[in-house]
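The structure under discussion appears below in the form of structure tokens.
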Amino acid sequence: MKHARIRYQDKIHLATDAGDGALLLADGRRVSQDDVQWLPPIEPRTTFTLAINYADHAKELAFKAPEEPLGFLKAANAFVGHRSQTLRPTDVAFMHYECELAVVIGREARDVPRARAYDYVAGYTVANDYALRDYLENWYRPNLRVKSRDTCTPLGPWLVERDDVPDPMNLNLRTTVNGTETQRGNTRDMVFDIPALIEYFSSFMTLSPGDLILTGTPDGIVNVQPGDEVVTEIEGIGRLVNTLVACPGDTAPLSDPA
Numbered sequence: 002m003k004h005a006r007i008r009y010q011d012k013i014h015l016a017t018d019a020g021d022g023a024l025l026l027a028d029g030r031r032v033s034q035d036d037v038q039w040l041p042p043i044e045p046r047t048t049f050t051l052a053i054n055y056a057d058h059a060k061e062l063a064f065k066a067p068e069e070p071l072g073f074l075k076a077a078n079a080f081v082g083h084r085s086q087t088l089r090p091t092d093v094a095f096m097h098y099e100c101e102l103a104v105v106i107g108r109e110a111r112d113v114p115r116a117r118a119y120d121y122v123a124g125y126t127v128a129n130d131y132a133l134r135d136y137l138e139n140w141y142r143p144n145l146r147v148k149s150r151d152t153c154t155p156l157g158p159w160l161v162e163r164d165d166v167p168d169p170m171n172l173n174l175r176t177t178v179n180g181t182e183t184q185r186g187n188t189r190d191m192v193f194d195i196p197a198l199i200e201y202f203s204s205f206m207t208l209s210p211g212d213l214i215l216t217g218t219p220d221g222i223v224n225v226q227p228g229d230e231v232v233t234e235i236e237g238i239g240r241l242v243n244t245l246v247a248c249p250g251d252t253a254p255l256s257d258p259a
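Sequence positions in the sequence shown follow my numbering and run 2 to 259.
Set out below in structure tokens:
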């Protein structure tokens, strides 16, 4: 089943996909998907983000694939919903999308062996984890201005239940910018698969219901500009639409470390 969180008539509702462009609210009402404000399908708690977790993306950046997961944390303020707007600072020269499969943890997990990892998954959603190259100090340690910016991580539109995704490690990913395909990949090309990531993170910290793991992006990242419509889509999970708008920038871009 596909679940959503939306704002309708000034109230937040839980909803499910009713087909034919409609949503079924928890109170039994049917509403058009065009008449609601989409919110992230869950309220994110701790969010783990992966750097360079696709071999082709590592090659694109001229990096060696990592020997263990390169994880860092993302703040909750970064998330917005389907059909939302993302702010692009005016002083930024290179900002790019990242289409990612997001794994939603369903129950408390600690020291989980990979053989049981999927038992702790509630479901999956689509993330578009924008990055601003100008502010990047180190590819292996993306700083807060790169990965925890307001509005810079659209999420949704659906939370798809785990059992409705028979093989999450064989899903096609695709990004279009203004209708032109710019990125294509498959989750089977992850360096560290979902069970490996759950085993790794739960080995040193407790995962809780609502925690997210953003599993990385394949190659094909390009610069995007205000006015661009970016659609990140994952087979069987959903089609996440986002539009870039201009905003005042931060301070001058940081130079790369020596």
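A virtual CB, placed ideally from N, CA and C, is assigned to each residue, including glycine. From a predicted model like this one, the values you see are computed outputs, not experimental measurements.
Nearest neighbour of residue i, chosen from the options [CA to CA]
i, options, result
"residue 239", "126, 95, 8", "126"
"residue 117", "56, 196, 229", "196"
"residue 171", "165, 161, 156, 189", "189"
"residue 174", "55, 228, 40", "55"
"residue 201", "248, 33, 216, 89", "216"
"residue 179", "226, 21, 205", "226"
"residue 102", "31, 158, 35, 34", "158"
"residue 52", "24, 107, 67, 134", "67"
"residue 50", "154, 5, 16, 111", "154"
"residue 4", "161, 184, 186, 168", "161"
"residue 236", "83, 147, 167, 16", "167"
"residue 76", "46, 104, 93", "46"
"residue 281", "210, 93, 187, 193", "Residue 281 lies beyond the range of the chain shown here (2 to 259); nothing can be said about it."
"residue 22", "34, 12, 30", "34"
"residue 185", "128, 133, 44, 219", "219"
"residue 181", "194, 212, 231, 29", "231"
Cβ-Cβ separation, residue j to residue i (assumed contact under 8 Å), whole Å
i, j, result
"residue 109", "residue 208", "7 Å"
"residue 87", "residue 131", "6 Å"
"residue 42", "residue 145", "Residue 42 to residue 145, Cβ: 24 Å. No contact."
Between the CA atoms of residue j and residue i - distance to the nearest angstrom
i, j, result
"residue 79", "residue 150", "5 Å"
"residue 121", "residue 221", "31 Å"
"residue 135", "residue 99", "16 Å"
"residue 214", "residue 10", "32 Å"
"residue 106", "residue 48", "10 Å"
"residue 111", "residue 242", "34 Å"
"residue 24", "residue 169", "25 Å"
"residue 164", "residue 17", "16 Å"
"residue 253", "residue 148", "For residue 253, the pLDDT reaches just 45, beneath the cut-off of 50, and the residue's location in the model is therefore unreliable, leaving the point undetermined."
"residue 204", "residue 72", "13 Å"
"residue 129", "residue 44", "16 Å"
Cβ neighbour criterion (16 or more within 10 Å) applied to residue i
i, result
"residue 191", "buried"
"residue 233", "buried"
"residue 81", "buried"
"residue 20", "exposed"
"residue 258", "Model confidence at residue 258 stands at a pLDDT of 36, short of 50, so the residue's coordinates are unreliable and nothing is read from them."
"residue 152", "buried"
"residue 36", "exposed"
"residue 1", "Outside the shown range of the chain, which is 2 to 259, sits residue 1, and nothing can be said about it."
"residue 59", "Because residue 59 sits at a pLDDT of 45, beneath the cut-off of 50, its placement in the model cannot be relied upon, and the point is left open."
"residue 85", "buried"
Beta-carbon proximity list for residue i, same chain, < 7 Å, skipping 5 on both sides
i, result
"residue 224", "95, 96, 97"
"residue 14", "7, 26, 27"
"residue 2", "17, 162, 165"
"residue 113", "121, 199, 200, 203"
Close beta carbons around residue i, own chain, < 6 Å, minus the five adjacent residues each side
i, result
"residue 38", "8"
"residue 212", "46, 47, 106"
Beta carbon proximity, residue i to chain B, threshold 8 Å
i, result
"residue 168", "This model lacks chain B altogether; it includes just one protein chain."
Sequence-distant residues of the same chain with beta carbon closer than 8 Å to residue i, five excluded per side
i, result
"residue 248", "88, 89, 90, 91"
"residue 115", "196, 197, 199, 200"
"residue 261", "Since the first residue shown for the chain is 2 and the last is 259, residue 261 is missing from the structure and cannot be characterised."
"residue 124", "4, 105, 107, 160, 161, 162, 163, 165, 166"
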